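Heads up, the thing below is written out as structure tokens.
Residue numbers (full-length UniProt numbering): 1 to 154.
So this is what it looks like as structure tokens:
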């Protein structure tokens with residue numbers, strides 16, 4: 001399975017100068033758990049990523065004021081990327097080896113076109129496992145009824 005088949009298209013950006021409350025509101029309104037952090041509105045250079053977990057672990061759990069703390073204070077600098085054409089298994093290995101749950105997905109020119117999250121991978125795998133379970137149940141039913149032919153072996 002390829003990354004291009006399962007990743008979430010598009011990214012939501014936030015300038016690093018915005019505060020954590022603004023970031024949390026944006027995440028809530030967009031139903032997402034991560035924002036791509038930019039250096040500012042002018043150049044839109046990607047500076048990193050901030051996740052809901054970053055905000056909780058690096059700020060809120062320490063009693064930090066979410067209005068007085070900027071996204072830049074808690075973001076993870078740099079962005080781990082994966083090309084759309086990569087195998088999902090390679091993307092999962094990258095996530096595992098770096099201890100992260102999300103990767104920015106790039107097109108053939110290196111531009112960020114979306115995010116691949118662990119949730120995306122789990123959803124795709126659960127769909128595949130569900131289809132596999134249906135095939136197994138169908139074969140078991142054929143065996144119980146004594147049918148010797150199956151759609152796979154006419």
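Idealized CB from N, CA, C, for every residue including glycine. In this text, all values refer to a predicted model and were calculated from it rather than measured experimentally.
Since I believe residue j is in contact with residue i (beta carbons under 8 Å), could you give me their beta-carbon distance rounded to a whole number of angstroms?
i          : j           : result
residue 75 : residue 104 : Incorrect: roughly 13 Å between the Cβ atoms, too far for contact.
residue 6  : residue 124 : 4 Å
residue 88 : residue 1   : 5 Å
residue 18 : residue 69  : The pair is not a contact, with the Cβ atoms about 10 Å apart (cut-off 8 Å).
Could you name the residues of the same chain whose beta carbon sits closer than 7 Å to that of residue i, not counting the 5 residues immediately before and after it, in chain order?
i           : result
residue 91  : 3, 82, 103, 116
residue 107 : 84, 113
residue 94  : 80, 82, 103
residue 100 : 80
Among residues of its own chain, excluding the 5 on either side of residue i, which ones have a beta-carbon nearer than 8 Å to its beta-carbon?
i           : result
residue 130 : none
residue 10  : 113, 114
Going by other Cβ atoms of all chains shown within 10 Å of its Cβ, with 16 needed for buried, is residue i buried or exposed?
i           : result
residue 132 : exposed
residue 168 : Past the boundaries of the shown model lies residue 168; the chain is included only from 1 to 154, so the question cannot be answered.
residue 23  : buried
residue 61  : exposed
residue 14  : buried
residue 67  : exposed
Could you pull the DSSP bridge partners for residue i from this structure?
i           : result
residue 9   : 114
residue 24  : Paired residue(s): none; residue 24 is not in a bridge.
residue 103 : 116
Kindly list the residues whose CB is nearer than 6 Å to the CB of residue i, restricted to its own chain and excluding five residues on each side of it in sequence; keep chain order.
i          : result
residue 58 : 74
So does the region 112-122 actually touch the region 77-85, counting three or more Cβ pairs closer than 8 Å?
yes
Mind the definition here: the region 49-58 touches the region 22-36 only if three or more C-beta pairs lie below 8 Å; say whether that holds.
yes
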